[in-house]
Each structure stands twice: as structure tokens, then as C-alpha cells.
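**Student:** Dumping the structure here so I can ask a few things about it.
Numbering (the working numbering), first residue to last: 286 to 457.
As C-alpha cells, then:
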């Protein structure tokens with residue numbers, strides 16, 4: 286890094302080295318979100334946008350999702366990347382596959398400890414510098430009510446838990 290000839294603006298002398306962390310975006314979701322009774326995966330409000338500075342960058346993704354369900358069921362999470370209105374499921378999900386039921390794991394009804402912490406890399410290096418939106422989806426194999434950041438039997442729901450998603454652009 287040099288000082289750009291004394292102008293005060295720092296810049297890379299010969300270009301940004303591969304593997305350099307370019308930027309990070311973090312979203313902390315503090316509210317409670319109720320989802321309808323369903324067996325499909327539905328988007329949560331845990332979502333973040335990033336505008337990559339370089340074409341071909343990889344994006345490191347980490348997320349934490351806290352949830353409650355109204356009765357016993359298997360639960361799973363998926364993450365989708367949306368670019369220009371086109372959503373793509375990523376294999377950074379429970380079970381390693383965004384489009385199969387194999388990503389479900391047991392979750393007891395109203396158990397306050399239902400919590401996923403998952404990280405991975407979006408390795409599609411053909412990506413452009415257009416805005417990327419990453420969204421966590423929650424699904425269950427039984428038609429149960431789901432609540433993000435709360436237990437379904439609490440009215441009003443208790444506050445204090447948070448779900449997060451963070452993304453970091455890595456130069457390739």
C-alpha cells in the first residue's frame with residue numbers, strides 16, 4: 286500500500302493481492318418474524334446486500350439463525366444468492382445441499398435453543414460487481430408455525446435473541 290504520491294489517499298501499489306479481504310457487510314436481525322404453517326422453505330428477514338468491488342471475487346458467508354417451532358418437526362436452513370432478480374440456492378446449508386430434504390435435523394417444539402451457526406464460501410468466481418443479496422430460508426418437514434428469534438408459545442414473544450448474516454468479499 287502506498288500513499289498515492291502524498292495525496293493522502295491510500296492505494297495498492299501493484300494491485301490488490303489475491304486473498305485480500307476487500308469488504309465485509311454484517312446484518313443483525315433483532316425483531317421477531319412469524320412464518321406461516323408450511324412444509325416449504327420460506328425466506329426470513331435475515332438478509333444482507335453486498336456490492337463486490339471486483340469481478341470474480343469469492344464471498345465468505347457466515348450466518349446464525351435462532352428460531353422456535355410450534356410442534357415437533359425436522360428443520361433446516363438454506364441460503365440463496367440473488368443477483369439481478371435471479372435467485373440461486375447455495376450449498377452452504379444444513380445437509381450441504383440447498384434443494385434436498387437431507388438438510389433437515391431434529392428440532393423440539395418451542396425449544397429455545399434451536400439455533401444454526403453455519404459458514405461457507407460462495408465460490409462462483411464468474412460473479413460480477415452487481416449487487417448480491419444473500420437471504421436465509423427456514424424450512425420444516427411438518428406444517429408447523431415457525432418464529433425467527435423467539436418461541437412460538439410466547440405472546441408477546443420474548444426479545445433479546447438475534448440472528449445474523451455476514452459476508453466478506455475476498456479478491457481472487
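For each residue, glycine too, the CB sits at the ideal point set by N, CA and C.
Flag this pair as yes or no: are the beta carbons of residue 314 and residue 365 separated by less than 8 Å?
**Tutor:** Walking along the chain shown from the start, residue 314 turns up at place 29. Walking along the chain shown from the start, residue 365 turns up at place 80. It is not a contact, given that the beta carbons lie outside the stated cut-off.
**Student:** Reducing DSSP to helix, strand and coil, say where residue 310 ends up.
**Tutor:** Locating residue 310 in the chain shown gives position 25, where the first residue counts as 1. If DSSP states are grouped into helix, strand and coil, residue 310 belongs with the strands.
**Student:** Starting from residue 349, trace the beta strand (DSSP E) both ways and give me its first and last residue.
**Tutor:** Numbered from 1 along the chain shown, position 64 holds the residue referred to as residue 349. 343 to 354 is the span of the beta strand (DSSP E), which, as asked, contains residue 349.
**Student:** Are the beta-carbon atoms belonging to residue 355 and residue 430 less than 8 Å from one another?
**Tutor:** Along the chain shown, read from residue 1 onward, the residue named residue 355 stands at position 70. Along the chain shown, read from residue 1 onward, the residue named residue 430 stands at position 145. Cβ atoms of residue 355 and residue 430: closer than 8 Å.
**Student:** Which residue wins for smallest C-alpha separation from residue 448, given the options 367, 402, 360, 370?
**Tutor:** Taking the first residue of the chain shown as position 1, residue 448 is located at position 163. Per the Cα distances, 402.
**Student:** Which residues does DSSP pair with residue 319 in a beta bridge?
**Tutor:** Along the chain shown, one-based indexing puts residue 319 at 34. According to DSSP, residue 319 bridges with 432.
**Student:** Skipping 5 residues on each side, what residues in its chain have a beta carbon closer than 6 Å to that of residue 334?
**Tutor:** Translated into the one-based positions of the chain shown, residue 334 becomes position 49. Result list for residue 334: 416, 418, in chain order.
**Student:** Quick check on DSSP: helix, strand or coil for residue 328?
**Tutor:** Indexing the chain shown from 1 puts residue 328 at position 43. The answer is strand: DSSP assigns residue 328 an E or B state.
**Student:** Do residue 455 and residue 342 have their C-beta atoms closer together than 8 Å?
**Tutor:** Here residue 455 is taken as the residue at index 170 of the chain shown, counted from 1. Here residue 342 is taken as the residue at index 57 of the chain shown, counted from 1. Contact flag set, yes.
**Student:** Could you check where the beta strand (DSSP E) with residue 372 kicks off and where it finishes?
**Tutor:** Sequence index remark: in the chain shown, residue 372 carries index 87 (1-based). Here the beta strand (DSSP E) through residue 372 covers 371 to 375.
**Student:** Relative to the C-alpha of residue 325, which candidate in 363, 433, 453 has its C-alpha closest?
**Tutor:** As a first step, residue 325 must be located in the chain shown, where it is residue number 40. Closest by alpha carbon: 363.
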